[in-house]
């Protein structure tokens, strides 16, 4: 497997799919690649996706993550952001590394833990993905299998919200975590503003907007 990995040349913004990968092979790949890598991996029922994010992916996940933190802070809701932590369950043949993720309703269940085990701990309450180049059905299927209740996907222009219902995602215009806010409209608005006015100006304006609600 090491030889195959060394032969891969995945450019930023591109992804590679490897098929017929067993769970033990997937875990071997995780060990070989280690934690200090630019790539993100997703696995679902024998298919491994290796993706290297663009700088735009990273900017998008950071600014959206900052906006989510402001929403939670201003409502005095405890939360734990766990970034691109690897979540994996052998029994579901699924693993994913989110662009960003948050424990909110289940924050107390993982508070203070140095390691999260998806076999025993609850999944994150919110996952955020930036799909600038192409959508990832492998990631989406992995999130469904792992039971992540809410998934946001931002494509560089618009935000899609998916809620888990009967083990499948259903597209919706309303966040379950922030039910009274027009998330699908305001998040893209302030992400776009950050590209024009700068990150600090956009974040400050967003905080004021939240405080005025």
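In the working numbering, the protein residues as written are 64 to 276.
Glycine is no exception: its CB is placed at the ideal position from the N, C-alpha and C atoms.
- Secondary structure note for residue 270: its alpha helix (DSSP H) is the uninterrupted segment 262 to 275.
- For residue 179, the three-state secondary structure derived from DSSP is coil.
- Counting of Cβ neighbours within 10 angstroms places residue 120 among the buried residues, the total reaching 16 or more.
- The beta carbon of residue 109 sits closer than 8 Å to the beta carbons of 82, 83, 84, 85 and 156 from its chain, once the five residues preceding and following it are set aside; these are given in chain order.
- Comparing alpha carbon positions, the residue from 208, 114, 89 and 106 closest to residue 100 is 114.
- The straight-line gap separating the alpha-carbon atoms of residue 80 and residue 276 is approximately 45 Å.
- About 17 Å separates the Cβ atoms of residue 217 and residue 187, ruling out a contact at the 8 Å cut-off.
- Taken through DSSP and simplified to helix, strand or coil, residue 153 comes out as helix.
- Counting C-beta pairs closer than 8 Å gives fewer than three between the stretch 86 to 98 and the stretch 124 to 144, which falls short of the contact rule.
- In terms of Cα proximity to residue 223, the closest of 230, 255 and 238 is 238.
- Residue state for residue 90 is assigned as helix, using DSSP reduced to three classes.
- Around the beta carbon of residue 221, fewer than 16 other beta carbons lie within 10 angstroms, which makes this residue exposed.
- Ranked by how close their Cα comes to the Cα of residue 257, the residues 172, 129, 145 and 91 have 129 in first place.
- Per DSSP, residue 74 has no beta-bridge partner at all.
- If you ignore the 5 residues before and after residue 144, its C-beta comes within less than 6 Å of the C-beta of 165, all in its own chain and listed in chain order.
- The criterion of a C-beta distance shorter than 8 Å is satisfied by residue 172 and residue 184.
- For residue 244, the three-state secondary structure derived from DSSP is coil.
- Residue 271 counts as exposed, since fewer than 16 other C-beta atoms from the protein chains shown sit within 10 angstroms of its C-beta.
- Judged by their CB atoms, residue 242 and residue 226 are not nearer to each other than the 8 Å cut-off.
- Distances from the alpha-carbon of residue 162 to those of 194, 168 and 142 put 194 closest.
- By the neighbour-count criterion, in which a residue is buried when 16 or more other Cβ atoms sit within 10 angstroms of its Cβ, residue 264 is exposed.
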